[in-house]
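Here the structure is laid out as structure tokens; the discussion comes afterwards.
Numbering (the numbering used here), first residue to last: -19 to 150.
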């Protein structure tokens, strides 16, 4: 089975939503909703993720992912799973980065062939776990320059870049 892992920030940026705004103020644009709908099909699962540790007092936050799922479903789309880190900011975390346990767990649970999966990220930090897990990374700029997003990325990392999620789909 194949999958597309989409970073929460890609979805928000694609709809011109401030990343620091409260989830109850998020309203995805029709083009973003259509792009998300097109990513999930009968042989491809779609996961939304936020790798940033946000756990507090041992409880994980959904990072606003449920808000996005509700809007995607209301527009006729499908989200097959949510991936978020429940660790506190000071805790040891191997959910993402060079040890992308979150991707490995999803692969195990859903019988995914990671080499056939894609990860749509919005930063160089999203490329590292994709490479570590054997997933194909795809960086979405969302009105930012390549320099703003990638800075001094290692030269060995070659991956596609799209202006927006909507153009990444086509």
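Glycine included, each C-beta is placed from N, C-alpha and C at the ideal position.
Predicted, not measured: the structure shown is a model, and the values here were computed from it.
The beta-bridge partner set that DSSP reports for residue -11 is empty.
For residue 120, the enclosing beta strand (DSSP E) starts and ends at 116 to 120. Residue 10 is classed as exposed because its beta carbon has fewer than 16 other beta carbons within 10 Å across all chains shown. Bridge pairing for residue 25: -17 [DSSP]. Within its own chain, the residues whose Cβ lies closer than 6 Å to the Cβ of residue 49, once the five positions on either side in sequence are excluded, are 59, listed in chain order. Going by C-alpha positions, residue 110 is about 14 Å away from residue 92. Beyond the five residues adjoining it in sequence on each side, residue 62 comes within less than 6 Å, by CB distance, of 28, 45 in the same chain, given in chain order. Residue environment for residue 103: buried (at least 16 other C-beta atoms within 10 angstroms of its C-beta). Per DSSP, reduced to three states, the secondary structure at residue 61 is strand. Where residue 92 is concerned, there is no enclosing beta strand (DSSP E), because DSSP gives it neither an H nor an E. Look at residue 99 here: in three-state DSSP terms it is strand. Between the C-alpha atoms of residue 65 and residue 4 there is a straight-line separation of about 21 Å. A Cβ-Cβ contact shorter than 8 Å links residue 118 with residue 100. For residue 30, the number of other beta carbons within 10 angstroms of its own is at least 16, and it is reported as buried.
Taking 8 Å as the cut-off, the Cβ atoms of residue 98 and residue 124 do not count as close. Sequence-distant partners of residue 23 (beyond 5 residues in either direction) whose C-beta falls short of 8 Å from its own C-beta, in its chain, are -19, -18.
The beta carbon of residue 114 sits closer than 7 Å to the beta carbons of 94, 95 from its chain, once the five residues preceding and following it are set aside; these are given in chain order.
Across the structure, residue -1 and residue 84 are spaced so that their CA atoms are roughly 27 Å apart.
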